Amino acid sequence: MAALLETRLAGQFSLFEDEAELPKAANQAMEHYDFLQTKQKDKIRRQDQRELVNIDMNGIEIALSRSLGPELVAHTMWEHLDLDSILQACGFTLTEQALAKAVLIARLIEASSDLAAWEWLRNRTALLELLPVNLSDIGKDAVYEIADKLWIHKSSLEKTLRSREQGLFVSEPTLFLYDLTNTCFEGRCINNELAKRAKSKEKRNDCPLVTLALVVDERGFPLFSQIYEGNQSEPETLSAILNRLYEPDLFQHLKPTIVMDRGIATKDNLALLKEKKYPFIVIERRAVAERRIKPHYRS
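This is the structure in structure tokens:
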């Protein structure tokens, strides 16, 4: 073996290598040797090409920094859902599609008002660089207007998105979760008929509110939403929501189980669920639960 390696290093090959295993082992050893030699040469070359610069860490300043990580995630999901084609079908121009994308991603990442979304787009994100249209000089009124146009097409957008998500994440829904929340407005909302005073879940009782009702499946994908007055009674919303569950693409065979919190689980609503033959899961109101449980624990 030593003799074979010596001849290999000298660039020579013997014509009389009788044993097949020795030449094979020698070839493998030489391949490994060549790899180490190349690696060492690359290391020396990198060291020779180094350019060292002294930096004063206390003198470093950051200016005009922009976020990009969450934006890339949202941008990728936007493309998977092909939202541009959905908006185009609703009559959005190329500029309106880009603006809608910017505003929706802004509200997704930095949930706040339209005005805050406009400020975030101008000053804090690199999202605008991912868009096909230059929106660097967009005014705040355009943000308000695109939000209004999205609202006009809300039902169509929800239905199409529901279908796209079902195509990407195929399953038959078996569990629907229904709940309500509210959100506040910074202003008097004189011309907003839905904005009402009530108890704010964001602890903003100083602001007018609207109520959002949302149905999601067991994976957390929204199925549809409904906006109510800010002082809407939660139990009174269930009947209208159940009627919407009959939309043809929501479920095919088995009726899904409805999951609600106890704020909606009134006696009348439970009777309604039974009448419509929907399985359901609710948290019992405390007084009712105690009446049912206590007899089982009496001594």
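Residue 281 in the UniProt record's numbering sits at position 281 of the sequence shown, with consecutive numbering throughout.
Just so it is clear, CB atoms sit at the ideal spot from N, CA and C, and this is done for glycine as well.
Small disclaimer: the values here were computed from a predicted structure and weren't measured.
Looking only at its own chain, which residues have a Cβ that is under 6 Å from the Cβ of residue 120, when we skip the five neighbours before and after it?
106 and 110
For residue 90: DSSP bridge partner residues:
For residue 90, which the question treats as bridged, DSSP gives no partner whatsoever.
If distances are taken between C-alpha atoms only, which option among 64, 24, 183 and 282 comes closest to residue 262?
282
Compute the beta-carbon to beta-carbon distance between residue 276 and residue 242, rounded to the nearest angstrom, for a pair I have assumed lies under 8 Å.
6 Å
Going by C-alpha to C-alpha distance, which of 27, 250, 141 and 43 sits closest to residue 172?
250
Stretch pair the stretch 228-239 + the stretch 264-271: three plus CB contacts closer than 8 Å
yes
In chain order, what residues of the same chain lie with their CB nearer than 6 Å to the CB of residue 213, ignoring the 5 residues before and after it?
180, 226 and 237
Buried versus exposed call for residue 3 [16 or more other C-beta atoms within 10 Å across all chains shown]:
exposed
What is the rounded straight-line gap between the Cα of residue 160 and the Cα of residue 166?
10 Å
What does the alpha-carbon distance come out to for the pair residue 56 and residue 76?
38 Å
In terms of alpha-carbon separation, which member of 114, 260, 123 and 61 lies closest to residue 68?
123
Pop quiz: residue 194 and residue 210 are said to be a contact at Cβ under 8 Å. What is the actual Cβ separation, rounded to whole angstroms?
5 Å
Using CA atoms only, rank isn't needed, just tell me which of 145, 245 and 232 is closest to residue 95.
145
Per DSSP, residue 226 is paired with what?
213
Can you give me the C-alpha to C-alpha distance between residue 70 and residue 102, rounded to a whole angstrom?
13 Å
Residue 280 and residue 264 look like a contact to me (Cβ under 8 Å); what is the Cβ gap, rounded to whole Å?
The pair is not a contact, with the Cβ atoms about 10 Å apart (cut-off 8 Å).
Applying the 10 Å Cβ sphere with the 16-neighbour rule, what's the burial state of residue 38?
exposed
Under the assumption that residue 197 contacts residue 82 (Cβ atoms under 8 Å), give the Cβ distance between them as a whole number of angstroms.
The Cβ separation is near 41 Å, so there is no contact.
Helix, strand or coil at residue 160 [DSSP, three-state]:
helix
I'd like the span of the beta strand (DSSP E) that includes residue 258, first residue to last.
257-260
First through last residue of the beta strand (DSSP E) which encompasses residue 281:
280-282
Considering only DSSP beta bridges, list what residue 155 is partnered with.
Residue 155 is not bridged to any residue.
Note down the Cα distance separating residue 92 from residue 138, rounded to an integer number of angstroms.
17 Å
Along the alpha helix (DSSP H) that carries residue 272, what are the first and last residues, could you check?
267-275
Just tell me which of 73, 274 and 88 has its CA closest to the CA of residue 130.
73
For residue 246, does the three-state DSSP call read helix, strand or coil?
coil
Sequence ranges, alpha helix (DSSP H) only - wholly within the stretch 108-182, length at least 4
114-123, 140-152 and 154-168
Identity of the residues DSSP links to residue 207 by a beta bridge
DSSP, once it has assigned bridges, lists no residue as partnering residue 207.
Buried or exposed: where does residue 208 fall if 16 or more other Cβ atoms within 10 Å of its Cβ makes it buried?
buried
Would you mind sorting residue 49 into buried or exposed? The rule is 16 or more other CB atoms within 10 Å of its CB.
exposed
Residue 254 beta carbon less than 8 Å from that of residue 174
yes
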